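Data first, discussion second: the structure below is written as structure tokens.
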């Protein structure tokens, strides 16, 4: 189903292909979702209120991987970044849900490991098969 939602205008990578030491990880979810948990090393950039100002210190040629819950919002941000001259941007296919579903860790803003993951909505939350779903 996810494949039909995406435009595929941006290269996609699997969660196993991203490594926070290789990519600048950008979280394109809401700040509330990010505050529940996020991929270690990720920087929150948002989606609805996205601003290039949040990319301070990231050059146009740096490797960037953008993620959200499943990859839809992050693909939109990745497309925008490419239009703004960022040349090495990829979308994380399956997003944080796939990250957690495959056993990768998530952390709180304080850096503590957690099982909690914001599931976006009850409709989308069905795709999160591991961890503790949070909806608020």
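Residue numbers (our numbering): 1469 to 1604. Ideal Cβ positions, reconstructed from N, Cα and C, are used throughout, including at glycine. Since the structure is predicted, the reported quantities are computational estimates derived from the model, not experimental observations.
Nearest neighbour of residue 1489 by Cα position, chosen from 1593, 1530, 1502 and 1562, turns out to be 1530. A check of alpha carbon separations from residue 1485 across 1533, 1550, 1568 and 1597 identifies 1533 as the nearest. In this model, residue 1545 and residue 1595 are separated by some 21 Å (Cα to Cα).
Counting only unbroken stretches of 4 or more residues, the alpha helix (DSSP H) elements lying wholly within the stretch 1530-1602 are 1540-1551, 1563-1569 and 1590-1593, in sequence order.
Going by DSSP, residue 1503 is part of the alpha helix (DSSP H) stretching over 1499-1504. Here the alpha carbons of residue 1560 and residue 1478 stand approximately 10 Å from one another.
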